[in-house]
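Read the structure below first, then the notes.
There are 4 protein chains.
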Amino acid sequence: MTEPRSASSSSAPEQQPAATLTPRGQRTRAKLVKAAYTLFEKNGYLDTNINDISRRARVAYGTFYTYFSSKEEIFAEVVEQMTTDFRAMANAVPSQPSDTPATRIARANLGYLRAYQAHAAMMAVLEQVATFNPRLAEIRRDARRFWVERSSRAIARWQRDGLVRPDVDPYYAATALGSMVDRSAYVWIVLGEPFDEDVAADQLTRLYCGALGIALDEPRAT
Amino acid sequence: MTEPRSASSSSAPEQQPAATLTPRGQRTRAKLVKAAYTLFEKNGYLDTNINDISRRARVAYGTFYTYFSSKEEIFAEVVEQMTTDFRAMANAVPSQPSDTPATRIARANLGYLRAYQAHAAMMAVLEQVATFNPRLAEIRRDARRFWVERSSRAIARWQRDGLVRPDVDPYYAATALGSMVDRSAYVWIVLGEPFDEDVAADQLTRLYCGALGIALDEPRAT
Amino acid sequence: MTEPRSASSSSAPEQQPAATLTPRGQRTRAKLVKAAYTLFEKNGYLDTNINDISRRARVAYGTFYTYFSSKEEIFAEVVEQMTTDFRAMANAVPSQPSDTPATRIARANLGYLRAYQAHAAMMAVLEQVATFNPRLAEIRRDARRFWVERSSRAIARWQRDGLVRPDVDPYYAATALGSMVDRSAYVWIVLGEPFDEDVAADQLTRLYCGALGIALDEPRAT
Amino acid sequence: MTEPRSASSSSAPEQQPAATLTPRGQRTRAKLVKAAYTLFEKNGYLDTNINDISRRARVAYGTFYTYFSSKEEIFAEVVEQMTTDFRAMANAVPSQPSDTPATRIARANLGYLRAYQAHAAMMAVLEQVATFNPRLAEIRRDARRFWVERSSRAIARWQRDGLVRPDVDPYYAATALGSMVDRSAYVWIVLGEPFDEDVAADQLTRLYCGALGIALDEPRAT
DNA sequence: TATGAATGAGGCTTCATTCAT
DNA sequence: CATGAATGAAGCCTCATTCAT
Numbered sequence: 000m001t002e003p004r005s006a007s008s009s010s011a012p013e014q015q016p017a018a019t020l021t022p023r024g025q026r027t028r029a030k031l032v033k034a035a036y037t038l039f040e041k042n043g044y045l046d047t048n049i050n051d052i053s054r055r056a057r058v059a060y061g062t063f064y065t066y067f068s069s070k071e072e073i074f075a076e077v078v079e080q081m082t083t084d085f086r087a088m089a090n091a092v093p094s095q096p097s098d099t100p101a102t103r104i105a106r107a108n109l110g111y112l113r114a115y116q117a118h119a120a121m122m123a124v125l126e127q128v129a130t131f132n133p134r135l136a137e138i139r140r141d142a143r144r145f146w147v148e149r150s151s152r153a154i155a156r157w158q159r160d161g162l163v164r165p166d167v168d169p170y171y172a173a174t175a176l177g178s179m180v181d182r183s184a185y186v187w188i189v190l191g192e193p194f195d196e197d198v199a200a201d202q203l204t205r206l207y208c209g210a211l212g213i214a215l216d217e218p219r220a221t
Numbered sequence: 000m001t002e003p004r005s006a007s008s009s010s011a012p013e014q015q016p017a018a019t020l021t022p023r024g025q026r027t028r029a030k031l032v033k034a035a036y037t038l039f040e041k042n043g044y045l046d047t048n049i050n051d052i053s054r055r056a057r058v059a060y061g062t063f064y065t066y067f068s069s070k071e072e073i074f075a076e077v078v079e080q081m082t083t084d085f086r087a088m089a090n091a092v093p094s095q096p097s098d099t100p101a102t103r104i105a106r107a108n109l110g111y112l113r114a115y116q117a118h119a120a121m122m123a124v125l126e127q128v129a130t131f132n133p134r135l136a137e138i139r140r141d142a143r144r145f146w147v148e149r150s151s152r153a154i155a156r157w158q159r160d161g162l163v164r165p166d167v168d169p170y171y172a173a174t175a176l177g178s179m180v181d182r183s184a185y186v187w188i189v190l191g192e193p194f195d196e197d198v199a200a201d202q203l204t205r206l207y208c209g210a211l212g213i214a215l216d217e218p219r220a221t
Numbered sequence: 000m001t002e003p004r005s006a007s008s009s010s011a012p013e014q015q016p017a018a019t020l021t022p023r024g025q026r027t028r029a030k031l032v033k034a035a036y037t038l039f040e041k042n043g044y045l046d047t048n049i050n051d052i053s054r055r056a057r058v059a060y061g062t063f064y065t066y067f068s069s070k071e072e073i074f075a076e077v078v079e080q081m082t083t084d085f086r087a088m089a090n091a092v093p094s095q096p097s098d099t100p101a102t103r104i105a106r107a108n109l110g111y112l113r114a115y116q117a118h119a120a121m122m123a124v125l126e127q128v129a130t131f132n133p134r135l136a137e138i139r140r141d142a143r144r145f146w147v148e149r150s151s152r153a154i155a156r157w158q159r160d161g162l163v164r165p166d167v168d169p170y171y172a173a174t175a176l177g178s179m180v181d182r183s184a185y186v187w188i189v190l191g192e193p194f195d196e197d198v199a200a201d202q203l204t205r206l207y208c209g210a211l212g213i214a215l216d217e218p219r220a221t
Numbered sequence: 000m001t002e003p004r005s006a007s008s009s010s011a012p013e014q015q016p017a018a019t020l021t022p023r024g025q026r027t028r029a030k031l032v033k034a035a036y037t038l039f040e041k042n043g044y045l046d047t048n049i050n051d052i053s054r055r056a057r058v059a060y061g062t063f064y065t066y067f068s069s070k071e072e073i074f075a076e077v078v079e080q081m082t083t084d085f086r087a088m089a090n091a092v093p094s095q096p097s098d099t100p101a102t103r104i105a106r107a108n109l110g111y112l113r114a115y116q117a118h119a120a121m122m123a124v125l126e127q128v129a130t131f132n133p134r135l136a137e138i139r140r141d142a143r144r145f146w147v148e149r150s151s152r153a154i155a156r157w158q159r160d161g162l163v164r165p166d167v168d169p170y171y172a173a174t175a176l177g178s179m180v181d182r183s184a185y186v187w188i189v190l191g192e193p194f195d196e197d198v199a200a201d202q203l204t205r206l207y208c209g210a211l212g213i214a215l216d217e218p219r220a221t
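Top to bottom, those sequences are chains A, B, C and D.
Residue numbers for the first sequence follow numbering that gives the first Met the number 0, beginning at 0 and rising by one.
Residue numbers for the second sequence follow numbering that gives the first Met the number 0, beginning at 0 and rising by one.
Residue numbers for the third sequence follow numbering that gives the first Met the number 0, beginning at 0 and rising by one.
Residue numbers for the fourth sequence follow numbering that gives the first Met the number 0, beginning at 0 and rising by one.
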């Protein structure tokens, strides 16, 4: 029976916390996530439907709902994976204590650009979804804050050390420069404006350092 | 996504080009655009439907299609109005030949921020639509290019005049710094991150100038 | 597009108040109501779906939603018609000032039984729906109260006139005797327990009168 | 209505007749029945699903089908328990050979009202289910007949003894008066119309006796 | 026995667009 | 020009029941 949805009680299909799943269940769940990832990347959020996802995962329609209660939910999971991946990739090269700010900035920018290229399709979709889904907008907001706060702290530290000019405010600078790097990546990679990765990374770094009054690294002289 | 039957219908009555309309027709058309503007701002593109628009414009459902062939079309028109408005507002204060680059940049940034605040809701909607509608993505792309090209030319000019350091590339710089300003505005105004307009404009200008190696204006001394 | 249902605004399809409809609209609406009536009677509420209704009315699926916002809504309308009809039929024979209480009771009981027979199928469906739909339960409750209040007033009046024994409480008596008649009708007509209309009406009247201490009419002696 | 694949499946494992079960099996079965009872009471038949039941019984989903072949089946069991309980409670006070009819009727009515109050929720659900499930409608019908036949016999006996007026037909009277008591209880208790148990029982008894022409018991005078 | 994953038919509702007056 | 009725594809989610371990 479909009708009366009034009472409802605790009917939620008990979305499996992924831990209590049998191996078979884990496999199915993973298949769904993978299928969803691919489809979201290819068609975006709106043009991907549960039907597509289950079919690509080769499970029955209803099986989807054994693991996720909605498209939003599986999307959140997919994005979480992507975000984790993204960060790992962006931070792939660890910094040394001896690194100058310019070196760190250069590395961070290049890392961000590369991570963006590897996750471009999904980043575009996240951007899409964030415009009409509050919950998923939060995910993006939190990701943004993560970067802003990190930069903000670094800038403040460098400023105390006299490496950044005193007239910039760390919070505003971190927001603005983070926006610069992030949005440039979007423009180049997602929107497809022409660019060369190395040049772009180099230019971003020059602008970033110039903006903060940070000295560029001497080109490793002869 | 639904909105299916669009792709080139059989016999579109070739919507009125707005010029060949009787005065009465023009009024009706204008009512529709106004209603659409309000609703798109309030509810976004996806949650605004033709029904709402005609109702708010107090015309019959079918009348909508006398003037526009699709939701996309009226949205394009609304965005065009908004864009025109936006530019006028952003460029409200004309520059003097004697203005320094820093003055021009400061004025441009403040103008942009103010225009953004005045058009925040629609900018957010445009951002939303551009993520899934190629045609409307073009509109946004063109708008972006408009600003980038203008900045690009200015930077190149300043660079030739020795006012901008030689190691930045005008195109990359214009893209990146344009992204910085535009995205910061989005983050602060649309996403609602805390900011103060004057501080933000000032900081953006310092970063912008610093990035290009442009000297800030001396605070009008004595 | 289907997705984002968040904002919603005033999207309701503006359920036509039936007055503002064009003749064509009125015809379509009426066809839907008629189809719904037939199907509800035949299959009950749960087993009737919008698809069936539109098909039987020979209109497109979506047309249903031009006139009604849900199955519940059209059911409410159908029930309202039925209720009006039911009352008219039950009260078909008007009472004369000279009628004795027993005459009135007899007439009311017979009227009720006959109306019940004519509307049996729908009464059964209303009974069904009232068990799980609060809004429609209200309709039934109000109908019940209508009868109870009417009887209650009559009993009180007769009691003041010394025609009803003093130890019964009009409200309890009206509720209980109303339940007796209504439920007996249900048992006989809907559940199909064997009965003869005239005998049943006669017996109900004897019990009703006896319960209240009302003298039966003398069989019109020779 | 959904619940489709029911109609005689291919190889039902012929559910355990409850007697041939191991003690462990009996415990599991009992847990399921108890859980089902609670949930049916709280949410009604339609809004209770197998998932809820198994979860509340703390057994696996599939385990449900080890003991019951369908939701209908477990409901039937639950109702049976309820009915047994109901009768026991309604007949709690045994009658003495010396009791007058009025005493018996009064006791029966009070017993019925009390039993109804104790089982109100489930009675309401049974009422619901009986409207769309023929098999469960039978259960209710049988229960009704049980009371009707008993009353019918009593009335006939009293009539033979000259204690009930001759013009009432025992079958019609039993049906009608049974309906009166049963439906009044439903109206007061399930639908929540205002009533006082003692007054209600007293009034029902007066009406019942009056209807049959049975003398009320003298208030135990001096 | 017990478990819990898998199935898939069903039903509701939305809404851009077309069409007859 | 205006009107508003008609269309029907699309998509989401539920849940009783079956099946493989």
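Yeah, the Cβ is synthetic: ideal placement off N, Cα and C, and Gly gets one too.
As the structure is a prediction and not an experimental result, all values here were calculated from the model.
- Contact annotation: the stretch 205-220 of chain D does not touch the stretch 116-124 of chain D, with fewer than three C-beta pairs closer than 8 Å.
- Taking a Cβ-Cβ cut-off of 7 Å, the neighbours of Q127(A) in chain B comprise T130, F131, given in sequence order.
- Taking a cut-off of 8 Å on C-beta distances, the stretch 126-135 of chain B touches the stretch 66-86 of chain B, as three or more cross pairs fall below it.
- Taken in chain order, no unbroken stretch of beta strand (DSSP E) lies wholly in the stretch 71-159 of chain D with a span of 3 residues or more.
- Below the 7 Å Cβ cutoff, chain D contributes V167, D168, Y171, A172, A175 as neighbours of Q202(C), in chain order.
- Under the 9 Å criterion on CB atoms, G61(A) is classed as non-interfacial with respect to chain B.
- For I49(A), the enclosing alpha helix (DSSP H) covers residues 49-55.
- A contact is defined here as three or more CB-CB pairs under 8 Å, and the stretch 159-170 of chain C fails this definition with respect to the stretch 161-179 of chain D.
- Taking 9 Å as the cut-off, the Cβ atoms of I188(C) and L109(C) do not count as close.
- Sorting V180(D), A29(D), Y36(D) by C-alpha distance to the C-alpha of V78(D) places Y36(D) at the top.
- Within a 10 Å sphere around the beta-carbon of Y60(D) sit fewer than 16 other beta-carbons, which makes this residue exposed.
- Separation of the CB atoms of A153(D) and Q202(C) is rounded to 17 Å, and the pair is thereby denied contact status at 8 Å.
- The Cβ neighbour count for Q95(C), taken over all protein chains shown within 10 Å, is under 16; the residue is labelled exposed.
- Judged by their CB atoms, R182(A) and S178(B) are nearer to each other than the 9 Å cut-off.
- Cβ atoms of A89(D) and A114(D) come within 8 Å of each other, at about 4 Å.
- For a cut-off of 8 Å, the C-beta gap from V58(A) to T27(A) is around 6 Å, short enough to register as a contact.
- The Cβ atoms of A56(D) and F85(D) do not sit closer than 9 Å to each other.
- With 16 or more neighbouring CB atoms inside 10 Å of its own CB, F194(B) falls in the buried class.
- Cβ contact annotation for A91(C) (same chain, cutoff 7 Å, sequence separation greater than five): G110, in chain order.
- For E40(B), the enclosing alpha helix (DSSP H) begins and ends at 22-42.
- For T204(D), the enclosing alpha helix (DSSP H) has its first and last residue at 196-211.
- In this chain, the alpha helix (DSSP H) harbouring T174(C) covers 169-184.
- Within the same chain, S94, D216 come within 8 Å of T102(D) by CB-CB distance, once the 5 residues on both sides are set aside.
- Residues of chain A whose Cβ lies closer than 8 Å to the Cβ of S151(B) do not exist, since the nearest Cβ in that chain is about 12 Å away.
- When secondary structure is reduced to three states using DSSP, F67(B) falls in the coil class, being assigned neither helix nor strand.
- When secondary structure is reduced to three states using DSSP, G191(A) falls in the coil class, being assigned neither helix nor strand.
- About 5 Å separates the beta carbon of V186(D) from that of E192(D), a gap short enough to meet the 8 Å contact definition.
- With respect to chain C, the C-beta atom of L162(D) has no partner C-beta closer than 9 Å.
- A129(D) counts as buried, since no fewer than 16 other beta carbons sit within 10 angstroms of its beta carbon.
- The beta carbon of Y44(C) sits closer than 7 Å to those of F74, V124, Q127, V128, all from its chain and outside the five residues before and after it, given in chain order.
- Within a 10 Å sphere around the beta-carbon of D46(B) sit 16 or more other beta-carbons, which makes this residue buried.
- Cβ-Cβ distances below 6 Å link E40(C) to A120, M121 in the same chain, with the five nearest sequence neighbours on each side left out; the list follows chain order.
- A direct Cα-Cα distance of roughly 9 Å separates A34(A) from R54(A).
- A direct Cα-to-Cα measurement between I213(B) and A142(B) gives close to 26 Å.
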